[in-house]
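Reviewing the structure listed below.
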Ligand SMILES: Nc1ncnc2c1ncn2[C@@H]1O[C@H](COP(=O)(O)OP(=O)(O)OP(=O)(O)O)[C@@H](O)[C@H]1O
Ligand SMILES: [Mg+2]
């Protein structure tokens, strides 16, 4: 019985995960190394890689800062509306990113609630970097909080209070007592957040407008190439995403061992 | 440092946790806060440390208003019930913490901090543990580190919240003696919280008994034990047997109760309750007594008798197995009661 289960699990993982992953690389290199490199070096692909990286570089630190602040607030202080805030932070998990994208469209679009005011003041959010970043942030907000908050709640405020009685100021308490206690959970959350920020498709597809060489992130670019019937190009771009995913997976495994 | 707490009130939402606390602790005194769970002991300690604030009331140290002072500036050594050591730091770094967070101008030099830590490690008798992490220590050792960390800042006042709560009886006894030694050597004004009466009376100069956010009595073992100020104290100190009696012309009487020899502290005539400890209750064989022995349990040095009356009320009585007359008390024997000591409170106050 056990063997059957293990065998089934192995077979399913092979069919659903390993084979497609290997296939990505097989397809990407099907026209040879030269074609692969040429596809990667295509200016639009390079721009998509750069844009995705930029989004991650901006979004991940903000999400980390937000995650720490929210967890600290929710675990060390009692205030009215605390339960509501806890639920609100988890909201992005239960809402499809597409819905987030549509909300942004309705809010910031030309016909949207804030659209008029925004265009008067020459602020572009939709179909530009700010929109992409905002949707990605919406999608990734819960990742750090989810890892850090339970840990902080379990530890309670005692260590921080002890530090305060010993004369430590707010920043010293945070840097020397709170941060060392949460660093692995924080890193783990950041890794998950990075993976999500890089891979986000649905929400970004709606607010970015997929302008080639301008607002096309890597996942959107893969889809565009695929629709263009440029299979080798699509798979070549996919290998970049796949490698990012593999690196994340490795870092995550290492972190899980440590934690 | 003299601590003066005046008319302090504190509520969490609808629960009134402190209801008018007045307490003065003299310089160098060692005071115990004793009271049942939820009586507000930790809350009072946290307010003194500046980790919480009262709704109203005064807190002064040597005449200076401390409610205006941030917790950082009060320089209080606070030892938490669960120690709250910093798990990512070695014992040495834990103890040094309060010195290393000082602003640059006031911070001692590295070498000075190290020698101060070494001195404390020696004083606390944990020399060998300096490079360990808290997770690698026993409960008693953690307790010492927590105290060392608090002492390192040369606190004006030492506050300990159930310092021995999580330890076993033998370690508790050891640490108790050791803490008294630490206090006598340092002379720091100290307040500690405990559930344990024996601990409170053995260790403290004065014991403050709290109940429900109020101070019920302040005193030493003799006064609190022998002259409880309120029915709560009498009960809390172990006088759990409550006998209905009547006071007439300064004498106590009751059916089957021979208590005329007890002092009544000028109680008015009328119905009253007599609070007695099981060990102070002497059953005297008496064929016409209203109580009968329903069971006898031998616990080695003691005999525990359960006495019952016609209405089915049961009361315990403890006596030394070798005491004269103990042999005659076997199940079925009828007795009357002679309380050797006890406190009487007018019935309406109970
Ligand atoms: N932060 C808080 N929020 C709400 N209620 C609180 C808070 N802290 C304490 N309380 C309540 O205040 C009351 C007194 O608490 P406190 O911790 O001072 O009791 P204690 O005497 O230390 O009890 P114990 O011996 O069990 O530690 C309790 O009823 C408790 O539930
Ligand atoms: Mg407490």
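Protein chains in written order, with this note's numbering: chain G, 1 to 259; chain C, 1001 to 1350. Backbone N, C-alpha and C define an ideal beta-carbon position, used for all residues, glycine too.
- Pairing residue 1149 of chain C with residue 1219 of chain C gives a Cβ-Cβ distance that is not under 8 Å.
- Along the region 156-168 of chain G, the positions whose C-beta sits under 8 Å from a C-beta of chain C are 158, 159, 161, 162, 163, 164, 165, 166, 167, 168, read in chain order.
- Considered as a whole, the region 1199-1283 of chain C harbours 1221-1226, 1231-1236 as its complete alpha helix (DSSP H) runs of no fewer than 4 residues, in chain order.
- Distances from the CB of residue 1012 of chain C to the heavy atoms of ligand 1 include at least one below 7 Å.
- An exposed status is given to residue 171 of chain G, since fewer than 16 other beta-carbon atoms sit within 10 Å of its beta-carbon.
- Contact residues of the region 171-194 of chain G toward chain C are 172, 176, 177, 180, 181 (C-beta to C-beta distance below 8 Å).
- Of the heavy atoms belonging to ligand 2, at least one sits nearer than 7 Å to the Cβ of residue 1193 of chain C.
- Burial state of residue 243 of chain G is exposed, judged by a 10 Å Cβ sphere holding fewer than 16 other Cβ atoms.
- DSSP links residue 1009 of chain C through a beta bridge to C:1019, C:1056.
- With a cut-off of 8 Å on Cβ pairs, the region 204-211 of chain G is in contact with the region 124-143 of chain G, counting three or more such pairs.
- Distance from the C-beta of residue 1110 of chain C to the nearest heavy atom of ligand 2 is not below 7 Å.
- By the Cβ neighbour-count rule, residue 2 of chain G is exposed, with fewer than 16 other Cβ atoms within 10 Å of its own.
- The shortest C-alpha to C-alpha distance from residue 142 of chain G to any of G:190, G:23, G:38 is the one to G:190.
- When Cβ-Cβ separations below 8 Å define contact, residue 1102 of chain C makes contact with chain G.
- For the region 1139-1160 of chain C, the set of positions with a beta-carbon nearer than 9 Å to some beta-carbon of chain G reads 1146, 1149, 1150, 1152, 1153, 1155, 1159 in chain order.
- Close partners of residue 1082 of chain C in chain G (Cβ separation under 8 Å): 158.
- Chain-ordered, the chain G residues with CB closer than 7 Å to the CB of residue 1088 of chain C read 180, 181.
- The C-beta of residue 1130 of chain C comes no closer than 8 Å to any C-beta of chain G.
- Taking every protein chain shown into account, the CB of residue 1112 of chain C has fewer than 16 other CB atoms within 10 angstroms, so this residue is exposed.
- Taking non-hydrogen atoms of ligand 1 into account, the C-beta of residue 202 of chain G is found less than 7 Å away from none of them.
- In the DSSP assignment, residue 1308 of chain C falls within the unbroken beta strand (DSSP E) covering 1302-1308.
- For residue 1042 of chain C, the CB falls within less than 7 Å of some heavy atom of ligand 2.
- Between residue 1068 of chain C and chain G, the shortest Cβ-Cβ separation is not below 8 Å.
- Listed in chain order, the beta strand (DSSP E) runs fully inside the region 1137-1190 of chain C are 1157-1161, counting runs of at least 3 residues.
- Pairwise C-beta distances place the region 1125-1136 of chain C out of contact with the region 1065-1076 of chain C, as fewer than three of them are shorter than 8 Å.
- For the region 1112-1129 of chain C, no residue has a beta-carbon sitting nearer than 8 Å to a beta-carbon of chain G.
- Counting only runs of 3 or more residues that sit fully inside the region 1035-1110 of chain C, the beta strand (DSSP E) segments are 1056-1061, 1076-1079, in chain order.
- Distance between residue 255 of chain G and residue 237 of chain G, taken at the CA atoms: about 28 Å.
- With contacts defined as CB atoms closer than 8 Å, residue 105 of chain G and residue 113 of chain G fail to qualify as a contacting pair.
- Distance from residue 1297 of chain C to residue 1304 of chain C at the Cβ level is roughly 4 Å; contact confirmed, criterion being Cβ atoms closer than 8 Å.
- Distance from the CA atom of residue 1249 of chain C to the CA atom of residue 1035 of chain C, rounded to whole angstroms, is 35 Å.
- In terms of CA proximity to residue 1056 of chain C, C:1047 leads the group C:1062, C:1047, C:1234, C:1269.
- When secondary structure is reduced to three states using DSSP, residue 1195 of chain C falls in the coil class, being assigned neither helix nor strand.
- Annotated three-state conformation of residue 1339 of chain C is strand, per DSSP.
- Cβ neighbours of residue 1152 of chain C within its own chain (closer than 8 Å, five residues either side excluded): 1095, 1096, 1097, 1098, 1099, 1116, 1117, 1120.
- Not flagged as an interface residue toward chain G: residue 1061 of chain C, since no C-beta distance is shorter than 8 Å.
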